[in-house]
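Chemist: Position 391 (the sequence shown) corresponds to 447 in this note's numbering; numbering is contiguous.
Where is the CB? At the ideal position from N, CA and C, for every residue including glycine.
Handing you a structure now.
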Amino acid sequence: MKRLLSLLMVLVMLIAVIPTVNAAEIYYDNKWHTYEGNFFELKVNGEELNCEVPPIVFNDYSVVPARDVFEKLGATVNWSAENQKVTVEYGDTKIELIINNKTATKNGKKELMPIPPKLINGKTMIPARYVGETLGFDVKFDSNTDTVSIDAKPTYSTTLSSYTHSKSVNTVTVTFNFTKGVEYSHFLLKEPARIVIDTKDTKQAATLKNNTKTGYDDVTTIRVGQQPAGIRVVIDLAEELKYTVTKSGKKLVVKIGTTATITPAPDEDKNDKEDKEDGKETTDNKTEDSEKIEPPEPVIPDPPSYAPTRTVCIDPGHGGEDPGAIFTDEAGKIWRESEINLSVSLMVRDILEKNNVKVVMTRDTDKTVELTTRAPFANAKQTALFVSIHTNSYMSDSANGIETWGTLEYSATYAGVTDKDLAQNIQSAVISKTKAVNRGIKDTTTLAVIRGSVMPSVLIEVGFISNAAERELMFSDDYRKKLAEGIAEGILKTLDKMGL
Ligand SMILES: [Zn+2]
Numbered sequence: 057m058k059r060l061l062s063l064l065m066v067l068v069m070l071i072a073v074i075p076t077v078n079a080a081e082i083y084y085d086n087k088w089h090t091y092e093g094n095f096f097e098l099k100v101n102g103e104e105l106n107c108e109v110p111p112i113v114f115n116d117y118s119v120v121p122a123r124d125v126f127e128k129l130g131a132t133v134n135w136s137a138e139n140q141k142v143t144v145e146y147g148d149t150k151i152e153l154i155i156n157n158k159t160a161t162k163n164g165k166k167e168l169m170p171i172p173p174k175l176i177n178g179k180t181m182i183p184a185r186y187v188g189e190t191l192g193f194d195v196k197f198d199s200n201t202d203t204v205s206i207d208a209k210p211t212y213s214t215t216l217s218s219y220t221h222s223k224s225v226n227t228v229t230v231t232f233n234f235t236k237g238v239e240y241s242h243f244l245l246k247e248p249a250r251i252v253i254d255t256k257d258t259k260q261a262a263t264l265k266n267n268t269k270t271g272y273d274d275v276t277t278i279r280v281g282q283q284p285a286g287i288r289v290v291i292d293l294a295e296e297l298k299y300t301v302t303k304s305g306k307k308l309v310v311k312i313g314t315t316a317t318i319t320p321a322p323d324e325d326k327n328d329k330e331d332k333e334d335g336k337e338t339t340d341n342k343t344e345d346s347e348k349i350e351p352p353e354p355v356i357p358d359p360p361s362y363a364p365t366r367t368v369c370i371d372p373g374h375g376g377e378d379p380g381a382i383f384t385d386e387a388g389k390i391w392r393e394s395e396i397n398l399s400v401s402l403m404v405r406d407i408l409e410k411n412n413v414k415v416v417m418t419r420d421t422d423k424t425v426e427l428t429t430r431a432p433f434a435n436a437k438q439t440a441l442f443v444s445i446h447t448n449s450y451m452s453d454s455a456n457g458i459e460t461w462g463t464l465e466y467s468a469t470y471a472g473v474t475d476k477d478l479a480q481n482i483q484s485a486v487i488s489k490t491k492a493v494n495r496g497i498k499d500t501t502t503l504a505v506i507r508g509s510v511m512p513s514v515l516i517e518v519g520f521i522s523n524a525a526e527r528e529l530m531f532s533d534d535y536r537k538k539l540a541e542g543i544a545e546g547i548l549k550t551l552d553k554m555g556l
């Protein structure tokens with residue numbers, strides 16, 4: 057009898073090739089039925105599989121032969137005729153199914169299936185999508201080619217576990233942390249401008265956010281998506297910007313220049329070397345020359361027209377929705393630049409006020425203040441000096457120390473002092489108070505807060521949040537006090553020189 061049925065099925069399958077004849081007689085539930093649906097082809101792991109009974113579709117749901125399909129995928133299939141029960145086991149998952157019963161048991165828990173398993177022409181046929189997907193396989197139906205495909209999902213060799221972003225003086229740095237080393241390629245797309253990084257053989261951790269708004273104006277969103285070959289990362293930009301992608305151990309570091317230059321830190325050579333060993337390009341050549349953003353030709357501006365008074369504007373960098381540089385430690389604790397900046401700034405204010413200096417603050421709480429409003433605020437308050445307080449960050453945790461930025465070459469002279477005087481006074485006082493690494497005073501003509509303010513203006517980076525030792529220090533009140541004392545001393549010395 058069985059052989060006869062098999063023979064019949066072969067005939068049916070032959071006939072099925074002829075489009076006009078689809079109907080066939082199949083035997084289940086103790087009687088013959090006319091099957092008018094399509095006979096689907098079956099592909100398992102990309103290979104065509106010819107079974108005695110092909111996939112059968114009931115109410116848009118297909119059943120497939122349990123043993124033929126799932127043993128090929130590496131699962132263990134057992135059949136108990138006595139209990140009419142099929143058991144399919146794969147990895148940590150065990151599914152028990154009973155013929156003509158819509159209730160399945162998955163790892164001891166009952167679940168409802170859209171259709172029950174059937175015994176068709178003597179073969180145990182089980183719901184393809186339910187069983188396939190429950191076991192973690194990829195199940196697809198293609199109605200154009202009448203094919204059911206069931207594939208073991210690719211296993212990836214490394215996982216993207218987390219990513220962080222931080223903004224330093226001239227750059228935004230996005231760091232992607234993988235559990236192992238990673239192969240990658242990258243390119244810049246236009247309209248809208250975005251950096252695309254494809255990583256090979258990677259998957260994303262289940263808890264990882266797919267979409268993160270940075271809160272920055274220039275590097276706006278970080279997006280992460282799983283593709284068959286690996287994760288695609290997209291970094292959305294407000295305009296085309298220069299960038300570098302570097303592999304550093306298990307990390308992929310994207311540095312995006314928000315002005316013409318990407319400021320090299322002392323350990324940049326080391327990263328370049330590591331990268332060349334991997335045979336990767338460090339810089340996107342397409343953007344290197346043609347897309348260079350030229351800074352405006354600097355000119356020495358006029359000093360403020362108002363008479364100087366013993367007044368200083370203190371600008372705690374970032375705040376509110378913009379945390380500035382952040383660092384997530386292994387315990388998951390997030391350290392924010394904006395918090396350090398504010399705390400040190402408030403201490404500076406208190407010291408200055410004790411020394412009879414009138415202090416105006418761009419913010420004195422953790423609130424959002426637009427970058428572009430900070431310099432005009434100081435101008436409107438007609439202060440003698442402007443000091444912006446920030447915290448640095450770098451892709452490698454070895455960078456550390458303090459630096460002060462100002463318009464060193466093209467600065468106006470106001471009551472006998474320049475940006476350079478203010479920068480030097482602050483930098484040397486802070487270094488002598490803290491004994492931190494002296495990264496010196498640095499020239500800039502592009503920093504918005506300094507460029508936009510008319511009085512002598514500097515921006516101090518009080519340390520690296522990316523450096524473990526300095527981070528610990530910057531989150532202690534003792535060290536913050538030293539930083540504040542140094543900054544205040546430099547300001548007082550400058551006011552002195554101005555005769556205020
Ligand atoms: Zn900052």
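My understanding is that S449 touches S522, with C-beta atoms under 8 angstroms, so please give their C-beta distance in whole angstroms.
Modeler: About 5 angstroms separates the two Cβ atoms, so the contact holds.
Chemist: Between which residues of its own chain and G188 is the CB-CB distance below 6 angstroms, once the five residues before and five after are set aside?
Modeler: So the qualifying residues of the chain are V195 and I206.
Chemist: Compute every distance between the C-beta of A504 and the non-hydrogen atoms of ligand 3, then say whether any falls below 7 angstroms.
Modeler: Questions concerning ligand 3 fall outside what the structure shown contains, since the ligands it does hold are ligand 1.
Chemist: If contacts are defined as beta-carbon pairs under 8 angstroms, then L191 and V144 qualify, I think. What distance do you get, rounded to the angstrom?
Modeler: Going by Cβ atoms, the distance from L191 to V144 rounds to 7 angstroms, so yes, they are a contact pair.
Chemist: Pick out whichever of I547, L175 and G373 has its Cα sitting closest to the Cα of T367.
Modeler: Ranking the options by Cα distance to T367, first place goes to I547.
Chemist: Assign V443 to one of three DSSP states: helix, strand, or coil.
Modeler: V443: strand per DSSP, three-state reduction.
Chemist: Just list the alpha helix (DSSP H) runs in the stretch 414-464, keeping only unbroken ones of 4 residues or longer that don't cross its boundaries, in chain order.
Modeler: 427-437, all fully within the stretch 414-464.
Chemist: Pick helix, strand or coil for M554, following the three-state DSSP scheme.
Modeler: M554 falls in the coil class under three-state DSSP.
Chemist: Under the three-state reduction of DSSP, which class applies to V404: helix, strand or coil?
Modeler: Of the three classes helix, strand and coil, the one that applies to V404 here is helix, per DSSP.
Chemist: I need the DSSP call for T203, collapsed to helix, strand or coil.
Modeler: If DSSP states are grouped into helix, strand and coil, T203 belongs with the strands.
Chemist: Tell me where the beta strand (DSSP E) around K181 begins and ends.
Modeler: It should be noted that the sequence gives Met, not Lys, for residue 181. Run containing M181: K179 to P183, per the beta strand (DSSP E) assignment.
Chemist: Can you give, in chain order, each stretch of the alpha helix (DSSP H) that sits fully within the stretch 471-546 and has at least 4 residues?
Modeler: You should have 475-490, 504-508 and 524-530.
Chemist: Within 10 angstroms of its Cβ, does G286 collect 16 or more other Cβ (buried), or is it exposed?
Modeler: The residue is buried, with at least 16 neighbouring Cβ atoms inside 10 Å.
Chemist: Considering only residues of the same chain and omitting the five flanking positions on each side of S241, which have a CB-CB separation below 7 angstroms?
Modeler: Taken in chain order, the residues that qualify are D254.
Chemist: Can you name, in chain order, every residue of its own chain whose Cβ lies under 7 angstroms from the Cβ of E545, other than the five neighbours on each side?
Modeler: Same-chain partners within the cutoff: A485.
Chemist: Would you say the beta carbon of G201 comes nearer than 7 angstroms to a heavy atom of ligand 1?
Modeler: Before going further, note that residue 201 is Thr rather than Gly in the sequence given. False, no ligand heavy atom lies under 7 angstroms from that Cβ.
Chemist: Compute the minimum distance between the beta carbon of A431 and the heavy atoms of ligand 1, and state whether it is under 7 angstroms.
Modeler: Result no, Cβ not under 7 angstroms from ligand 1.
Chemist: Beta strand (DSSP E) containing E167: first to last residue?
Modeler: K165 to L168 is the extent of the beta strand (DSSP E) around E167.
Chemist: Tell me the residue span of the beta strand (DSSP E) that contains V81.
Modeler: The residue asked about is misnamed: residue 81 is Glu in this sequence, not Val. Taken as a continuous stretch (DSSP letters only), the beta strand (DSSP E) holding E81 covers A80 to Y84.
Chemist: Just confirm the distance between the C-beta atoms of R527 and F383, as a whole number of angstroms; I'd bet it's less than 8 angstroms.
Modeler: Sure, about 6 angstroms apart at Cβ, within 8 angstroms.
Chemist: I'd like the span of the beta strand (DSSP E) that includes R392, first residue to last.
Modeler: Here the beta strand (DSSP E) through R392 covers I390 to R392.
Chemist: Using the Cα positions of Q483 and V309, report the straight-line distance between them to the nearest angstrom.
Modeler: Each residue's alpha carbon lies about 29 angstroms from the other.
Chemist: In angstroms with no decimal places, state the Cα-to-Cα distance between T500 and D274.
Modeler: Taking the straight line from one Cα to the other gives about 19 angstroms.
Chemist: What do you get for I283, buried or exposed, if any count of 16 or more other CB atoms within 10 angstroms of its CB means buried?
Modeler: Looking at the sequence itself, residue 283 is Gln, so the reference to Ile does not match. Classification for Q283: exposed.
Chemist: With a threshold of 6 angstroms on Cβ separation, who are the neighbours of T343 within its own chain once the five nearest residues in sequence on each side are excluded?
Modeler: Its pLDDT being 36, under 50, T343 is placed unreliably by the model, and the measurement read from it follows with that caveat. Excluding positions up to five away in sequence, the list reads L244 and K298.
Chemist: Quick one: does the C-beta of N380 sit closer than 7 angstroms to a heavy atom of ligand 1?
Modeler: Residue identity differs from the one stated: residue 380 is Gly in this sequence, not Asn. Correct: G380 has its Cβ closer than 7 angstroms to ligand 1.
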